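Quick note: to get my numbering, add 1452 to the position in the sequence shown (first position is 1). Cβ atoms here follow ideal geometry from the backbone N, Cα and C, with glycine treated the same way. Computed from a prediction, not measured in an experiment: that's the story for all the values here. First up is the structure itself, then whatever we jot down about it.
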Amino acid sequence: MSDSTENIIDIVAEEFTEHLRRGGSPDISRYADAYPAQAEEIRTVLQSVLMIEQLACRQKPPRLSAPLAHSPEQLGDYRIIREIGRGGMGVVFEAEQVTLGRRVAVKVLPPEKLIDPKHAKRFEREARTAAQLHHTNIVPVFGVGQDEGYHYYVMQLIDGAGLDSASQQGDWQTVARIGIQAADALAYAHAQGTLHRDIKPANLLRDKKGVVWITDFGLARALEPASVSQTNDTVGTLRYMAPEQFSGQADARTDIYSLGLTLYELLAGRPAFDGTSPSSLIRQITHGEMVRLRQILPELPRDLDTVLAKATALDAADRYASAADLAEDLRCVLEDRPIRARQISVAEQAWRWARRNPWFAAASASSLVLLMAVALLSTIGYFQIRLAYQQVDHALGEARRAGAEALAAAERTEQERRRTQEEYERADGNLTIALAALDEISGKLASRQLPQSLRLDADDDSWQQATGGLSAEDAEIVQSLLRFYDEFAARNTDDSGVDLAVARVHRRIGDIRARLGLYDQAISAFRQSLQTIARLRDARPEDTGLLLFEVRTHNARGGALLKSGDDRRAVEAHRYAHGLLASHTPHEEDQPTVRYERAQTLQALVLAQVESLYEQNRRGPPRPRRDAAPTPVPEIQAEFDQALQLLEGLLQDDPDNIAYRLALARCHRGLLPFAWANQDQAAADNAKQQAIAVLEQLARQNPHDLTIQFELADTLAMTAPPTLNRLLAKTDVTVLEAALKLAENLHERVPSAPEYALLLANIHQKLGSHSSAATQWNRAQDHLTRTIRVLEPLTKSFPTNPLFQTSLARARWELADALQRQNQFEPARDILEQAIAEYEAFRDSHTSRRVGAGRWVGLHRQLARVLEQLGETEQAAEVMQAADRLRDTPRQK
């Protein structure tokens, strides 16, 4: 390419880049048409420039150019000493691990980086990728954590410097040793399925002992595509990028190319490509405009020049196939052995051997002279014998060719068999991955729980129909998952090879349908899952994993039966699950997973029995339920104590296990309705204090875990059923106010979470009811108004949820009652009429759900009393007649 052509392309590229950075959309064709002689070259360069500029805007996070606004002094167990480096994904500090008294390096992602979830994912990926690599020449990762809003991970502190800070110009032996160490490390990383994608001098550290360390896997990715680093991502430092990276392609040979450029720069003392603008660099890289090293360093061994030329070949197919091959050739250069990068003549091989073994070479030379004399004398006889054997050789050659062809055919057949097997295994693996991903999504949707403190206050059965908050978007996702699960189950009913997958799918269908309040369909799906798992259990009776899956499915079925009102069958399902666990060997019972599942099963059993007991002791008309025979109170207490002992035993073996500690707190909390139903306030107080103590300790140790904060606030909000005058004990009021602060913080941090909003509304409503009963009118109106303000958006976001609607109606009812008792009859009437209209619209549009009439009747009667006090006796009578008709109307099913 002539100098004039290069100048034209550079000028066009700079003009094009400036136009892009000003926010314009320049047309590449216009520039190409303006210079027809260089049109093809201009199109290639400008397309690469456009891609680089777009990626710079879209993907590359802003480089940290200044210290953090508030550099942390301590992160977890690590005391920050000083900053030692920074890059595109974070800042590196030297720190001291306090408990071990050792110096480490801590890489920190500043909080402002978390604004973009992609940056946080990339940082997590960097830590995860680096932590999985264990090699002498890769900087090891000791740990990862999060503290004070900072994400960080901890590495070994390397006492050395990057190779970009020191030149090795002319010292080819040292550079070759550096290359061997780096290539060995890359070969190991590639074998683990990881590319680096940003090899350059700055990312190679050399300590004082001469050991080379590869660091900063911030751009690393798995060799297979992943969600955070897509196949078409173009990432890396431009000057060291391989040509194929501009088209979004990268494999092991990409890292080999970058390492070759790095070794070139260490030897030459300057970069392989010296362009000063993106366009010139792109042109040089994509055209392979690199000066051979021996032109710069004539004294450089020709083999080393050949090795680096092969490592930095323009076409990836011409490079080394693996980093291990590159390392081996570099060793050959150091040991003066033939390299693989090119064919070595027999004479050159002999010369190399002679240089390595001079004494043997001298003796061999003497022998060679004698051999040549003997060979001269025997040549005539040799040719005569050769002529006689030609025919035999020809026949043997034909036989060998036939055998080789047969062997090649057999090898091709075996390759096809292996390829078919690999395809089958890959398809099976993809199915497993897809099912696991969908299972995780549906599991998260099915995991939201309603506040348990709310259950104890609901005076109708709307809580049974509540789903815990499914938005329109959630419902759409759930329906899509159901369609997939239904089709998968239908297609694989007779395929024994996927029995476990089918059982898991039916189980997940049951979970989702229960989530939607479709309990009969959920129970049917659980039954299908249990039928499938029974066949597997018959074939593999010793498989503990299958046992636990069956137990959990029986417990899920019991939960759906309890929600549907069938207490008897719910108790039977949980008892059966407990019997399955009790029927296995003591060795299996000693396993933590089995003991934990026994505790969970006992808790579910106690809950079902307490629910039946609670229904027998609740005030008001009975609900339509299929009750179990009452379980004796001592038996329920014994089962509760057994669950408690199992959890305490698990915590003795693993005291820091958060799941066990949460289960222990929930177990204590589960005793509250049982104790209140038996009017045992002392037992209730003790159980609540035990649960609070566990949760408060967890909250102190895990201040950023919102689930623990929610559980603590919910437990604090659980109060005994109020007295007839709705007054709470003073201690309950104090505890409720503490719960209110936690709930307000949760709702403020995640306002879109319905369970947090419902908990906050429930606590305000309880305090409002108490204040009204205590004639503290201002406090009552404030709490009840806040309750309504929280619940109104919930009824709009989740219009099919009866619990949200009935809770709003109750809050309006109590606010109207407080106003009426203050003789504010007009506002009270407006509030009651609004509540009746909302409740009536909800009942009319959701006739398929069971909606109790108690709340509706109560609203009408309250409105009738307000109208009488306003002197509108005729209208009051009409409203009271409507209430009587509603009371006598059969409950909708």
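- In the displayed model, Phe-1594 falls within a strand according to three-state DSSP.
- In this chain, the beta strand (DSSP E) harbouring Gly-1542 covers 1542 to 1549.
- The beta-bridge partner set that DSSP reports for Trp-1665 consists of Leu-1657.
- A direct Cα-Cα distance of roughly 8 Å separates Leu-1718 from Asp-1616.
- Within the same chain, Cβ atoms closer than 7 Å to the Cβ of Ala-2022 are found at Gly-2010, Leu-2013, Leu-2014, Ala-2060, the five residues on either side in sequence being excluded.
- Of the candidates Val-1556, Leu-1552, Val-1550, Thr-1551, Val-1556 places its Cα closest to the Cα of Glu-1535.
- At a Cβ-Cβ threshold of 8 Å, Arg-2201 and Leu-2158 count as neighbours.
- Taken through DSSP and simplified to helix, strand or coil, Glu-1751 comes out as coil.
- The beta-carbon distance between Val-1785 and Pro-1750, rounded to whole angstroms, is 17 Å. This is too long to meet the 8 Å contact definition.
- Shortest Cα-Cα distance from Gly-1612 to any of Pro-1993, Val-1627, Val-1664 involves Val-1664.
- Under the Cβ criterion (8 Å, minimum of three pairs), the segment 1631 to 1647 does not count as touching the segment 1787 to 1794.
- For Ala-1793, there is no enclosing beta strand (DSSP E), as DSSP gives it neither H nor E.
- Residue state for Lys-2015 is assigned as helix, using DSSP reduced to three classes.
- Approximately 6 Å separates the beta-carbon atoms of Val-1593 and Ala-1579; this is inside 8 Å, confirming the contact.
- An exposed status is given to Ala-2134, since fewer than 16 other beta-carbon atoms sit within 10 Å of its beta-carbon.
- In terms of Cβ geometry, Gln-2161 and Leu-2211 do not form a close pair [threshold 8 Å].
- At a cut-off of 4 residues, the continuous stretches assigned as alpha helix (DSSP H) that sit fully inside the segment 2092 to 2163 are 2110 to 2129, 2133 to 2153.
- Ile-1463 counts as exposed, since fewer than 16 other C-beta atoms from the protein chains shown sit within 10 angstroms of its C-beta.
- Going by DSSP, Glu-1535 is part of the beta strand (DSSP E) stretching over 1530 to 1539.
- In this structure the segment 1691 to 1699 lies against the segment 1737 to 1744, because at least three pairs of beta carbons, one per stretch, are closer than 8 Å.
- When secondary structure is reduced to three states using DSSP, Thr-1646 falls in the strand class.
- Per DSSP, the unbroken beta strand (DSSP E) holding Lys-1559 starts and ends at 1554 to 1561.
- Burial check for Gln-1747: the Cβ neighbour count within 10 Å stays below 16, so the residue is exposed.
- Under the DSSP definition of a beta bridge, Val-1957 lacks any partner.
- Leu-2147 sits close to Leu-2164, with the two beta carbons spaced by under 8 Å.
- No residue range can be given for Gly-1601, since it is assigned to no alpha helix (DSSP H) and is classified by DSSP as neither H nor E.
- Using a Cβ distance threshold of 8 Å, Leu-1766 and Pro-1695 count as a contacting pair.
- When rounded, the separation of the alpha-carbon atoms in Glu-2324 and Gln-2272 is 15 Å.
- Only exposed fits His-1846, as fewer than 16 other CB atoms lie within 10 angstroms of its CB.
- Within the DSSP bridge table, the entry for Ala-1613 names Arg-1658 as partners.
- When beta bridges are read from the DSSP output, Gln-2272 appears opposite no residue.
- Apart from sequence neighbours up to five positions away, the residues of its chain that approach Lys-1660 with a beta-carbon distance below 8 Å are Asp-1611, Gly-1612, ordered along the chain.
- When only Cα atoms are considered, Asp-1781 and Asp-1623 end up about 18 Å apart.
- Under the three-state reduction of DSSP, Leu-1715 is assigned to helix.
- For Leu-1498, the secondary structure class from DSSP, reduced to helix, strand or coil, is helix.
- In the assembly as shown, Arg-1658 is a buried residue. Its beta-carbon has 16 or more other beta-carbons within 10 Å.
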